[in-house]
Amino acid sequence: MSKDDLVVLAVDDDIINLKLIKSLLMKSGKVKEVIEAKNGSDAIGQLKSRGDIDLILLDIIMPVMGGIEMLKVVRADDNLKQLPIIVLTTDETKKSEALEFGANGFLMKPIRNEDLIKKIATVII
């Protein structure tokens, strides 16, 4: 895998935010595909059905299954636990909890385009 053909799973209950992230990533030239999920449960389904996801961008506060719960599920799964996960949220108080449960990075919303691209570059090796 090179850094220029990433498949990213973006998980956020805010459809507008998902579209903005997708647009930004596709314009960056670093991403081949952005898969959208509206909550952690949807995202787990995507992870189980696809084997080509390289990175997860994960909101924390969502209905059905929130980001912390999803982090726990992913990190407990031997087939998924190595996937890089960057948490994107408006709640800075969730940072230590997200990192404790295995997030590789953390960004506060609203996200600056250049910050997201830089953070992705630091977690994809």
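Using numbering that gives the first Met the number 0, the letters of the sequence shown map in sequence onto residues 0 to 124.
The beta-carbon is built from N, C-alpha and C at its ideal position, and this holds for glycine as well.
- In the structure shown, the three-state DSSP call for residue 89 is coil.
- For residue 94, the enclosing alpha helix (DSSP H) starts and ends at 94 to 99.
- The C-alpha of residue 99 is placed about 30 Å away from the C-alpha of residue 25.
- Spanning the alpha carbons of residue 80 and residue 43 requires a straight line of approximately 12 Å.
- The beta-carbon distance between residue 57 and residue 83, rounded to whole angstroms, is 10 Å. This is too long to meet the 8 Å contact definition.
- Per DSSP, reduced to three states, the secondary structure at residue 119 is helical.
- With a minimum length of 4 residues, the unbroken runs of alpha helix (DSSP H) contained wholly in the stretch 14 to 57 fall at 14 to 27 and 39 to 48.
- Ranking 120, 10 and 15 by CA distance to the CA of residue 86 puts 10 first.
- Sequence-distant Cβ neighbours of residue 27 in its own chain, meaning closer than 6 Å and more than five residues away, are 116.
- Residue 65: not part of any alpha helix (DSSP H); DSSP gives it neither H nor E.
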